[in-house]
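S.K.: Could you have a look at this structure, given as structure tokens, before my questions?
Residue numbers (UniProt numbering): 1 to 117.
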């Protein structure tokens, strides 16, 4: 089954991280990503640009409305994701717990909807 692991952390705190700590986290992400590729769990994943680059789109009464930034102000922002293959929720949680940002933010684990053909 596939799961989306959404990585949330505070952008301001991350931006203020000491350069050495940021470099260490980048290296940890590279190691983590290589491990899930080698294990066959990795399907996709990317880091996102900051929320200041986001645009929220709504359609109301047939009109497209756009707003700069994310929909809601929150303490933690979506910073990236991994799409993984895991045998069950417990296996997906084990993978999510190894994501470096789990130590400073949170990882939302959500199963992918499977449509009947």
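Yeah, the Cβ is synthetic: ideal placement off N, Cα and C, and Gly gets one too.
1) Would DSSP call residue 74 helix, strand or coil?
2) With contact counted as at least three CB pairs below 8 Å, one residue from each stretch, are the segment 30–37 and the segment 53–69 in contact?
3) Since I believe residue 86 is in contact with residue 3 (beta carbons under 8 Å), could you give me their beta-carbon distance rounded to a whole number of angstroms?
4) Looking at the secondary structure, which residues open and close the alpha helix (DSSP H) in which residue 22 lies?
5) How is residue 138 classed by DSSP in three states: helix, strand or coil?
6) Taking the alpha helix (DSSP H) that residue 93 belongs to, which residues open and close that run?
7) Hey, could you find the ends of the beta strand (DSSP E) residue 109 is sitting in?
M.R.: Taking the structure as given:
1) Assigned with DSSP and collapsed to three states, residue 74 falls in coil, not helix or strand.
2) Too few Cβ pairs lie closer than 8 Å, so no.
3) That belief holds up - the Cβ atoms of residue 3 and residue 86 are roughly 6 Å apart, short of 8 Å.
4) Where residue 22 is concerned, the enclosing alpha helix (DSSP H) stretches over 19–38.
5) Only positions 1 to 117 of the chain appear in the structure, and residue 138 is not among them; the question remains open.
6) Start and end: 89–97.
7) In the DSSP annotation of this structure, the continuous segment of the beta strand (DSSP E) that includes residue 109 starts and ends at 106–111.
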